[in-house]
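Q: Structure in structure tokens, see below.
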Amino acid sequence: MRRLLWVLVSGLSGLIVWLALFFIRPLPLPHTPYAFELSNGLGLRAVAQQLVQKGVLTEPWTFTWVGRILGEQSHLKAGSYEWTQPLTGWQILRQMARGEGDAWQVQIIEGTTFAQLRTLLAQQPNLRQDSAGLSDIAVMAHLGAVGQRPEGWF
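Residue 7 is where the sequence shown starts when you use our numbering, and the numbers rise one by one after that.
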């Protein structure tokens, strides 16, 4: 009975240390600054696997397990993340769950036509071009303005 109790206490202690390291030990980044692109629709396990393949995580299980326990598996936000210093696994998980990725500005000057706006947006390297093959009317329909002309809306 004592031996079983000792094994259980040892196992529980090991689990606590393992989890504590996830929350307090910064992970070595392959290089700094380090950019990571989180694609839309990826699950927690797939993200953990990508982070392992990129050399950010040493194993995927802790990231996946903690994310599931904390209910973050369906809250990861697609985007670009850039880290300039080593972060803990917990910090990386929270950034992705909160969508605290990189942000870029695009300045739209008053009086810009819709055609000019589309050209400006197409020139932005950090934007995904989902509407490149659509007509102006089709873009407006996707925005919920069916049958509306785009001029004057933007």
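Here a beta-carbon is modelled for each residue, glycine too, at the ideal position from N, C-alpha and C.
Tell me, please, which residues DSSP counts as bridged to A128.
A: According to DSSP, which records beta bridges pairwise, A128 is partnered with nothing at all.
Q: At a cut of 8 Å, does the region 63 to 77 reach the region 105 to 123 through at least three beta carbon pairs?
A: Contact between the region 63 to 77 and the region 105 to 123 is absent, because fewer than three Cβ pairs lie under 8 Å.
Q: Considering only the alpha carbon of each residue, which of G117, Q111 and E116 lies closest to L127?
A: Nearest C-alpha to L127: Q111.
Q: Under 8 Å by Cβ, that's how I've got L35 and P92 pegged, so tell me the actual separation to the nearest angstrom.
A: Yes, L35 and P92 are in contact; Cβ-Cβ is about 6 Å, under 8 Å.
Q: Cutting at 7 Å between CB atoms, please list the residues of its own chain near T70, excluding the five before and the five after it.
A: Around T70: L50, R51 and A54.
Q: Quick one: what does DSSP say T119 is sitting in, helix, strand or coil?
A: The answer is coil: DSSP assigns T119 none of H, G, I, E or B.
Q: When the distance is taken between beta carbons, is P32 closer than 8 Å to T94?
A: Yes, these two residues count as a Cβ contact at 8 Å.
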